[in-house]
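Colleague: To start, I am sharing the structure in question, which I have written as structure tokens.
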Amino acid sequence: MHLLIIEDERKTAAFLQKGLAENGFAVDHSNNGQDGLFLATTGNYDLIIVDVMLPLVDGWTVVQEFRKGGKLTPVLMLTARDAVNDRVKGLELGADDYLVKPFAFSELLARVRSLLRRSPILQSELLCVADLEIDLLRFKVSRAGKRLALTSKEFSLVSLLARRYGEVISRTVIEEQVWDMNFYSDTNVVDVAIRRLRSKVDVPFDKKLIHTLRGIGYVLEER
Ligand code: CA
48 MHLLIIEDER
58 KTAAFLQKGL
68 AENGFAVDHS
78 NNGQDGLFLA
88 TTGNYDLIIV
98 DVMLPLVDGW
108 TVVQEFRKGG
118 KLTPVLMLTA
128 RDAVNDRVKG
138 LELGADDYLV
148 KPFAFSELLA
158 RVRSLLRRSP
168 ILQSELLCVA
178 DLEIDLLRFK
188 VSRAGKRLAL
198 TSKEFSLVSL
208 LARRYGEVIS
218 RTVIEEQVWD
228 MNFYSDTNVV
238 DVAIRRLRSK
248 VDVPFDKKLI
258 HTLRGIGYVL
268 EER
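With the sequence shown counted from 1, adding 47 to any position gets you my numbering.
Shown next as structure tokens:
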């Protein structure tokens with residue numbers, strides 16, 4: 048699951064990024080409405096969180112312009128306390144839900160999950176490949192009926208590979224989608240993560256699902 052946060056308050060943004068990453072989401076962040084709108088329209092996000100008061104372009108305009116492009120991605124707006132008109136305006140312009148600041152992280156997480164569950168772009172909560180099952184909303188992975196203990200990065204990684212079943216995914220794309228857009232690394236972080244994932248998902252089982260295409264990337268498929 049790939050989320051975009053458009054929020055200029057550094058503390059709030061950092062708190063959201065950290066909490067969502069800990070819950071298995073890959074998160075991009077923009078600190079103004081202009082860049083945020085650009086990322087929202089060009090990126091491939093599962094959900095977008097937008098603050099109302101933003102530099103350059105305000106949150107309402109971001110939502111309005113984003114919806115004009117025909118995008119169905121769920122949008123959660125963050126509004127100031129007691130600003131009833133703000134909430135109504137946000138919903139009228141195409142936001143799916145709002146949350147009044149200040150809020151508890153658990154409440155935000157519940158809203159995010161509920162929006163994703165209703166999302167028209169999420170075909171199914173459950174991804175199944177052979178006997179591998181990935182529950183995208185409950186962050187559970189099992190193989191042959193046995194629950195696997197994955198870290199949040201391993202969960203993101205296996206979900207990405209499974210959602211793009213049969214498609215070879217390059218290391219660069221994996222870095223972008225599983226870590227974040229500003230993650231640069233000259234180490235073999237992807238290969239290490241794949242090795243760890245394999246030790247849980249493939250090694251204990253006869254049929255291997257994760258395959259390496261040397262020099263190209265990785266693919267998850269049943270062979
Ligand atoms: Ca703000």
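Glycine included, each C-beta is placed from N, C-alpha and C at the ideal position.
As the structure is a computational prediction, the values presented were derived from the model and not from experiment.
Which residue spans inside the region 189-248 form an unbroken alpha helix (DSSP H) run of at least 4?
Modeller: Those alpha helix (DSSP H) runs which fall completely within the region 189-248 and span 4+ residues are 199-210, 218-225 and 236-248.
Colleague: Quick one: does the C-beta of E268 sit closer than 8 Å to a heavy atom of ligand 1?
Modeller: No, the Cβ of E268 stays beyond 8 Å of every heavy atom of ligand 1.
Colleague: Does the region 90-100 come within contact of the region 50-62, defined as at least 3 CB pairs closer than 8 Å?
Modeller: The answer is yes - the region 50-62 touches the region 90-100, with three or more Cβ pairs under 8 Å.
Colleague: Provide the residue span of the alpha helix (DSSP H) that contains T259, from first to last.
Modeller: From DSSP, T259 is part of no alpha helix (DSSP H) but of the beta strand (DSSP E) over I257 to L260.
Colleague: Would you check whether ligand 1 has a heavy atom nearer than 8 Å to the C-beta of V237?
Modeller: Every heavy atom of ligand 1 is 8 Å or more from the Cβ of V237, so no.
Colleague: For V109, report the span of its alpha helix (DSSP H) as first-last.
Modeller: From DSSP, the alpha helix (DSSP H) with V109 extends over G106 to K115.
Colleague: Measure the Cβ-Cβ separation of L267 and V176 and say whether it is below 9 Å.
Modeller: Yes, Cβ-Cβ distance for L267 and V176 is below 9 Å.
Colleague: So is K115 buried or exposed if we call it buried at 16+ other beta carbons inside 10 Å?
Modeller: The residue in question, K115, is exposed, as its Cβ has fewer than 16 Cβ neighbours within 10 Å.
Colleague: Since L61 sits in a beta bridge, which residues does DSSP pair it with?
Modeller: Going by the sequence as given, residue 61 is Ala instead of Leu. In DSSP, A61 forms no bridge with anything.
Colleague: Can you give me the C-alpha to C-alpha distance between N235 and D82, rounded to a whole angstrom?
Modeller: Taking the straight line joining both Cα atoms gives about 30 Å.
Colleague: For V97, which of helix, strand or coil comes out of DSSP?
Modeller: Note: V97 maps to strand in three-state DSSP.
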